Each structure stands twice: as structure tokens, then as C-alpha cells.
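Trainee: In this text, residue positions in the sequence shown follow my numbering: the first is 17, and each later residue adds one. Before anything else, here's the structure in question.
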Amino acid sequence: MCIHQLNLLAASNNLPISNFLGKQHPIEAHHLSSICDIMEKAMVNGDTCIIRCIWNVFQVVFKFFFSPQTERNRDIVRRSGLLLWQLLMAPRDQICSEIQKEVCLAISSGLNILYPGEAEINNLLKLVLTEGERNSGLSQLRDVILTNLAEQLQNNRFGSEDDDHYRLNDELLHYILKIVVRESCVLITKCQTVSKDDFQRLLSTVPAASSCLRYLMAVQNHLLSNTILIKPDDNDDSDSSLQGETLKVQELKTSILSLATQILTGCDEVLEMLQQVTTALINSDISDREQRLKGLEQITKATMLGHLLPVLLTSLMHPNLQTLTMADALMPQLVQLVLYTSQTALLLKTQSPVFSELNSSPSCAPEQKGKQLPDERMLEEKEEPGFLTGLKIPAPWAAGKTVETVHPVRDNYKFKETVHIPGARCLYLRFDNRCSSQYDYDKLVIYAGPSTNSRKVAEYGGNTLGYGSRSVLGTGWPKDLVKVEGDTVTFSFEMRSGREHNTPDKAMWGFACTVRAQESSEDVSGGLPFLVDLALGLSVLACSMLRILYNGPEITKDEETCQELLRSKLLQRCQWQVEANGVISPALTPSPSPLPLTIEEDREFTYPSDVLVPPVGHYFDLPRIRLPPGIMIKLREISGRARPQFRPSIK
């Protein structure tokens with residue numbers, strides 16, 4: 017037990033014992049060989065106590081005391097590996113689960129020692145991922161290894177030299193994703209197939225994420241964090257640094273695109289299964305159908321739809337990932353996911369009382385129809401029933417933004433914060449009733465703008481508790497809403513006095529204020545149903561990607577330089593032909609044109625589509641372009657040709 021506690025303590029990198037163990041000399045080969053001898057004898061005698069103890073020793077040895085540099089050491093490593101696999105693959109009736117867990121921990125601790133090459137580790141992971149479902153030992157080893165890799169990725173979220181070691185290749189990620197999709201589908205299917213008691217137990221166990229799902233979450237968070245949150249170093253503007261950062265960003269975006277494509281494909285399968293289960297539950301006659309439909313949303317949150325998709329959708333809205341490549345690759349999958357989520361949300365909506373009331377039968381009393389609100393009549397006249405029918409979508413910033421000092425405030429404390437709510441015409445501030453400061457000059461000043469140079473709105477300070485100044489500024493801390501015009505407000509608080517010995521914390525509480533964009537606080541505690549929220553998020557992302565596809569590639573520097581030429585009406589009236597290699601070039605030979613023979617300079621016109629592809633055989637004169645007199649005068653000056661003089665004919 018002491019060895020087991022030592023191993024647990026050594027697992028923490030922040031404790032002094034970890035640094036102490038890391039500085040010890042490597043264990044000699046004959047010592048490890050003696051440990052293997054003890055293990056073999058314990059396995060023959062079936063001594064489970066010694067077996068568990070030895071595997072704990074192996075975990076510490078693999079982490080700190082062993083380096084397989086010599087051939088003898090490598091032989092001992094191979095011997096240790098054989099003993100590990102002998103116990104791991106033993107039948108369940110011959111080995112207890114506790115020993116199997118210690119074996120998995122030992123393999124995970126010595127992963128780089130037992131499998132020194134990248135190819136060997138990949139082969140091991142491929143084995144546990146493909147055969148784990150058929151063998152409990154391999155399944156447990158898979159969970160331990162992936163959990164360890166996920167923790168390492170989370171600890172190195174913002175990049176390190178070990179990233180490539182913790183991030184598996186695309187083939188292994190594909191295997192992991194298949195397992196996650198299968199687990200999600202099985203979990204959703206249980207909502208229909210298990211008994212009533214088992215379903216209640218199922219609800220009490222979610223949303224626990226499996227090891228495969230945890231690893232995918234870690235990989236996704238790692239890639240997105242490095243792409244979105246890390247900013248380039250402004251102090252290092254060298255060409256090599258900029259080039260290196262550009263290459264790294266491009267590699268990250270490529271990895272994100274590959275992972276996002278696989279995740280969206282997997283979510284497509286899970287949503288299809290969710291729609292089938294929802295339809296089956298609605299059409300079934302089981303006694304607890306309503307409870308299962310309500311619990312289905314909670315179960316869905318425990319799948320990859322709840323753990324992976326919301327974070328991915330939010331991150332793809334970041335400007336760094338709003339690219340034409342992303343939009344072109346992900347758009348088909350996004351459209352399919354929008355259809356699945358909206359249809360399934362509508363199916364669940366048909367079972368809710370709100371939807372039934374809004375879609376009541378037309379035989380209802382006429383006086384009830386007459387009492388409908390205008391918004392309801394408009395909904396009934398103009399909108400077809402959908403998954404948003406009867407739902408109140410929370411307005412942006414409906415919950416408000418809370419701004420507060422530390423409680424209580426300390427000497428020489430200063431606080432400044434600006435709140436900006438885009439699109440708000442005015443902001444409403446509601447203060448906590450505990451707001452107080454020691455003296456009235458320990459005050460809060462509010463400005464209607466982004467800085468303290470903006471217009472001053474109000475200032476508050478002091479307390480009425482009988483301490484310090486025993487008074488307040490003006491009418492005191494506000495009890496009602498404070499209205500600030502505009503979409504930005506700045507708070508500036510400064511503690512100028514020193515705390516007196518008899519002043520309690522409640523007289524120096526500081527302040528807390530909630531900023532909202534509407535006067536009445538909206539109840540957003542319930543929020544939207546999960547699938548409705550997911551459908552809205554997918555729709556917003558799909559619309560954003562559609563806008564990127566519609567705008568097309570960004571304007572290049574050459575196009576910006578040639579803007580004047582591209583706007584030239586003279587060049588726009590040139591006839592162009594498409595060559596065999598697809599290049600568009602000016603037509604060297606006159607081609608037939610349906611345009612009028614004379615084109616006025618001040619009139620707008622559009623070329624027919626067939627102008628770009630001139631037919632073969634017959635040719636006509638190009639249309640005559642009538643240029644303004646000023647241009648004609650300059651052309652004559654450049655060419656040196658005078659305007660022709662027309663002499664009257666002599667009869």
C-alpha cells in the first residue's frame with residue numbers, strides 16, 4: 017500500500033517528491049531482473065498481493081528509474097513486457113479486475129520504454145482500438161492510455177515539443193471517432209430499449225464522457241486553442257519568425273479542417289439514430305413515454321453532440337477559421353446537420369404542451385380566438401409550425417454582465433472596467449443592496465463611454481451603517497435602475513482612505529452591478545432546448561459559411577492595383593475569347609456580336625452570354641465605340657494626327 021501511495025504521489029509533477037525521484041540514478045539491470053523473477057514466482061503461486069505490489073513498483077521504475085540504453089536493459093524490458101501481456105490477456109476468471117487495472121497503469125507508465133518507436137506505439141494503439149471491444153483487458157488498456165494522453169494534451173494546451181507525441185495520427189483518430197460514434201448511438205438507443213428502472217439509472221450516470229470521447233475533446237480543444245487564443249509575437253517581426261508562424265497556423269487549420277470533417281460526419285450518423293429513436297418513442301405505447309422523451313435530451317448531451325459539436329460550432333465562427341477553404345469543405349455537412357437537428361427538434365416539439373396549445377384544433381371557441389395577442393395572430397397567419405414555434409429566443413446579453421470589486425475592498429484598491437454591449441441603445445445598471453465604502457470620497461464614478469474621458473453619469477460612495485463618513489454622496493447607492501445612454505459604460509472605483517480598526521467588512525463591501533441592454537430582466541434560467549439551440553447554432557454557422565462562399569476569394573493585391581483598369585469602360589467593352597487551355601484573352605479576329613454598331617459612352621449595357629464564345633466561320637464588324645471628345649483630343653495629340661477637315665463639294 018505504501019508503494020501504491022508513492023506511485024500516486026509521484027504522478028503529481030508539483031510535489032517535491034516528484035522532483036526528488038526524477039533526480040535519482042537509473043536502476044541497474046540486475047535489480048529489474050530480480051523484480052521480474054519475483055513476479056514470475058508470484059504468478060506461478062497465484063499470490064495476488066505480491067503481483068499488485070510488483071506492478072506498482074514497475075510503474076515507479078518506468079517513470080523515473082529506468083533507461084533502456086544497453087542491450088541487456090532492452091532484454092529486461094522485453095521480459096517485463098511479456099509478463100505484462102501475459103496477465104493482461106489472461107481470462108477474466110483467472111485474474112481479478114484490480115490486478116488488470118494495475119497492469120494497464122504499468123503499461124501506460126512505461127509506454128515509451130516498452131514501445132520506444134513511434135511505429136510500435138501506433139501498432140499498439142491500433143490493436144487496442146480495433147480489438148478492445150472483444151477483450152476486456154485491451155479495452156481497459158485503451159481507456160487508460162487515452163485518458164493519460166488526454167491529460168497530457170490538456171496540460172500542454174498552448175503548445176510544447178511533445179504535441180506530436182500526444183496527438184495521434186489521422187488513422188488512429190478515425191478509429192477513435194468510430195468508437196465514439198458507436199458509443200453515442202448505443203447510448204441513445206438505450207432510451208428506447210432498456211426497462212423503466214434501467215432508464216432511471218441511465219439518467220443518473222450521464223453526462224459522463226468515455227475515454228475515447230475525452231481524448232477527442234482534448235485534441236479538439238488543443239487545436240482550437242492554438243489557432244484562436246494564441247496571438248503572434250508583436251516584438252518579433254523577423255521574416256523567419258513570420259514565415260514560421262504562418263506555416264504553423266496553416267498546419268493547424270489543416271488539422272482542424274480534417275478533424276472537423278470527421279466530427280461532423282460522425283454527428284450526422286448520431287443525429288440520424290436520434291431521429292429514428294425519437295420517432296419510435298413517439299409512435300410507441302410504453303407507459304413512461306413522456307419521461308423517456310424528456311430524458312432523451314439529457315442523454316443526447318452525454319454524446320458527442322453535447323461534448324464536441326457546440327465547442328466546434330462556436331470556434332468555427334472565429335475570424336481565423338472563417339475561410340473559403342473551410343466553407344467549401346464543411347458546407348454540405350452543415351446543411352445536412354441543420355436538417356437533422358431541426359427535424360428532430362420539431363418531433364420533440366410536437367410532444368410538448370406549448371406546441372399543442374399553439375396548434376389547437378380549429379373547433380375552439382371564437383371568443384378565444386378573438387383574445388389572441390397580435391403576435392400570436394401574426395404567427396398563425398404568416399408562419400408554419402416549426403421547431404421554434406412558441407419558444408422565446410433569449411436576446412443577446414439577456415442575462416446581463418456583472419461588474420464587481422473584491423469584497424471587502426482593501427487599502428489603495430483601484431478598479432476600472434468597461435462594458436460594451438453591441439447594438440444596445442442604452443444600458444440599465446442595477447446595483448447590489450450591499451454596496452458601501454468607508455468614506456464618501458472612496459467612490460465609484462460611472463462614465464457613458466469607453467474611457468474616463470467620456471461623459472460622467474453619476475458617482476456613488478460612503479455608507480449609512482454608522483462607520484467612516486457615516487454619510488453617502490448625494491442620495492446614496494441607487495436602489496432603482498440607472499439608465500446610461502449608448503452601448504458602452506465605464507466603471508472607475510478607487511479606495512483612497514485607509515481602513516480604520518473598527519470598520520467592519522460590511523461597511524467596506526465595495527460594489528457589484530449588473531449591466532443589461534433591456535429594462536426588465538429576462539428570465540433565461542431555462543434557456544432553449546438543447547436540440548433547438550444546436551439547430552440555431554448550426555443555422556448561424558451555415559449562413560456565415562454561405563456568405564463566405566457567395567463573396568468568393570478575397571481581392572488580391574494585383575486586383576487592387578488594377579482597380580482603375582478593371583473599371584475602365586473601354587476595356588469592359590472589349591470582346592474576349594476562351595482559348596483551349598481555359599485562358600480568356602482578347603479576340604484577335606472580329607467575331608459576330610449581337611451588340612449595336614454604336615455604343616454610347618454614358619449608357620449602361622450588358623454583354624450577352626454568347627459573346628465570350630465566338631462561333632466559327634462568319635465574322636462581322638466590331639461595334640463602333642463613341643468616345644468622349646476629351647479622350648479623342650488626347651488620342652489625336654498622342655498620335656500626331658489632326659482631326660480630318662471636311663471640305664464642301666464644289667458643284
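Using N, Cα and C, we set each Cβ at its ideal position, and we do this for glycine too. Values in this document were obtained by computation on a predicted structure and should not be read as measured data.
Are Lys269 and Leu337 close, meaning C-beta to C-beta below 9 Å?
Mentor: Contact flag set, yes.
Trainee: Are Phe447 and Tyr476 close, meaning C-beta to C-beta below 9 Å?
Mentor: Yes.
Trainee: Smallest Cα separation from Pro520: which of Arg450, Leu165, Asn171?
Mentor: Closest by alpha carbon: Arg450.
Trainee: Is DSSP giving Glu56 helix, strand or coil here?
Mentor: If DSSP states are grouped into helix, strand and coil, Glu56 belongs with the helices.
Trainee: Mapping the DSSP letters down to three states, classify Thr491 as helix, strand or coil.
Mentor: The answer is coil: DSSP assigns Thr491 none of H, G, I, E or B.
Trainee: Shortest alpha-carbon distance to Val119 belongs to which of Leu325, Ile571, Trp71?
Mentor: Answer by Cα proximity: Trp71.
Trainee: Can you tell me which of the three DSSP states Leu363 falls into?
Mentor: DSSP places Leu363 in helix when its eight states are reduced to three.
Trainee: Please state the DSSP three-state secondary structure of Gly646.
Mentor: Reduced to three states, the DSSP call for Gly646 is helix.
Trainee: Please determine, among Thr506, Arg512, Tyr444, Asn518, the residue with the shortest C-alpha to C-alpha distance to Pro494.
Mentor: Answer by Cα proximity: Tyr444.
Trainee: Please state whether DSSP places Tyr483 in a helix, a strand or coil.
Mentor: Coil, per DSSP.
Trainee: Could you spell out the range, first to last residue, of the alpha helix (DSSP H) harbouring Arg305?
Mentor: Here the alpha helix (DSSP H) through Arg305 covers 305 to 317.
Trainee: For Arg158, count neighbouring Cβ atoms within 10 angstroms of its own Cβ and tell me buried if that reaches 16, exposed if not.
Mentor: The residue in question, Arg158, is buried, as its Cβ has 16 or more Cβ neighbours within 10 Å.
Trainee: Under DSSP, the beta strand (DSSP E) around Phe447 begins and ends at which residues?
Mentor: Residues 442 to 447.
Trainee: To the nearest angstrom, how far is it from the Cα of Asn139 to the Cα of Gln278?
Mentor: So the two alpha carbons sit approximately 22 Å from each other.
Trainee: Quick one, are the C-beta atoms of Gly492 and Gly478 less than 9 Å apart?
Mentor: Going by C-beta atoms, Gly492 is nearer than 9 Å to Gly478.
Trainee: If I follow the unbroken beta strand (DSSP E) through Ala509, where does it start and stop?
Mentor: Note on identity: in this sequence residue 509 is Phe, with Ala being the wrong assignment. Its beta strand (DSSP E) spans residues 504 to 510.
Trainee: Quick check: the Cα distance between Met333 and Ser113, rounded to an integer number of angstroms?
Mentor: Rounded to the nearest angstrom, the two C-alpha atoms are 45 Å apart.
Trainee: Taking all protein chains shown into account, do 16 or more other C-beta atoms lie within 10 angstroms of the C-beta of Ser379, making it buried, or fewer, making it exposed?
Mentor: Caution applies to Ser379, whose pLDDT of 44 falls short of 50 and renders its modelled position unreliable; the model cannot decide the point.
Trainee: Leaving out five residues on either side along the sequence, give the residues of the same chain with a beta carbon under 7 Å from the beta carbon of Asp344.
Mentor: Cβ neighbours of Asp344 beyond the five flanking positions: Leu565.
Trainee: Please classify Pro424 as buried or exposed, where buried requires at least 16 other C-beta atoms within 10 Å of its C-beta.
Mentor: Buried, since its Cβ has 16 or more Cβ neighbours within 10 Å.
Trainee: List the DSSP bridge partners of Leu460.
Mentor: Per DSSP, Tyr476, Phe509.
Trainee: Of the residues Glu167, Arg217, Cys201, which one's Cα is nearest the Cα of Tyr231?
Mentor: Ranking Glu167, Arg217, Cys201 by Cα distance to Tyr231 puts Glu167 first.
Trainee: Taking 8 Å as the cut-off, does the region 285 to 293 touch the region 184 to 192 (at least 3 CB pairs, one atom from each stretch)?
Mentor: The answer is no - the region 285 to 293 does not touch the region 184 to 192, with fewer than three Cβ pairs under 8 Å.
Trainee: For Leu169, tell me which candidate among Thr205, Thr209, Val235 has the shortest Cα-Cα distance.
Mentor: Among Thr205, Thr209, Val235, the Cα nearest to that of Leu169 is on Val235.
Trainee: By the three-class DSSP mapping on this structure, what secondary structure does Lys499 have?
Mentor: Of the three classes helix, strand and coil, the one that applies to Lys499 here is strand, per DSSP.
Trainee: Give the C-beta separation of Cys228 and Leu162 to the nearest angstrom, bearing in mind that I take them to be a contact with Cβ-Cβ under 8 Å.
Mentor: Yes, they are in contact, since the Cβ atoms of Cys228 and Leu162 sit about 6 Å apart, within 8 Å.
Trainee: Under 8 Å by Cβ, that's how I've got Lys432 and Ser508 pegged, so tell me the actual separation to the nearest angstrom.
Mentor: Yes, they are in contact, since the Cβ atoms of Lys432 and Ser508 sit about 5 Å apart, within 8 Å.
Trainee: Could you name the residues of the same chain whose beta carbon sits closer than 8 Å to that of Ser352, not counting the 5 residues immediately before and after it, in chain order?
Mentor: The question names Ser, but residue 352 is Gln in the sequence shown. Excluding positions up to five away in sequence, the list reads Asp284.
Trainee: According to DSSP, which residues form a beta bridge with Ala528?
Mentor: Bridge partners of Ala528: Glu420.
Trainee: On the three-pair Cβ rule with 8 Å, is the region 290 to 297 touching the region 201 to 210?
Mentor: Counting Cβ pairs under 8 Å, three or more are found: they touch.
Trainee: Can you tell me which of Glu570, Thr504, Gly322 puts its alpha carbon nearest to the alpha carbon of Ala464?
Mentor: Comparing Cα-Cα distances from Ala464 to each of Glu570, Thr504, Gly322, the minimum goes to Thr504.
Trainee: When burial is assigned at 16 or more other CB atoms within 10 Å of the CB, is Gln110 buried or exposed?
Mentor: Answer is exposed; the Cβ neighbour count stays below 16.
Trainee: Have a look at Leu350, His323, Arg532 and flag the residue whose alpha-carbon is nearest the alpha-carbon of Gly416.
Mentor: For the residues Leu350, His323, Arg532, the minimum Cα distance to Gly416 belongs to Arg532.
Trainee: Which stretch, first to last residue, makes up the beta strand (DSSP E) that contains Glu433?
Mentor: 430 to 436 is the span of the beta strand (DSSP E), which, as asked, contains Glu433.
Trainee: Which residue spans inside the region 95 to 162 form an unbroken alpha helix (DSSP H) run of at least 4?
Mentor: List check, alpha helix (DSSP H) in window: 113 to 125, 127 to 130, 134 to 147.
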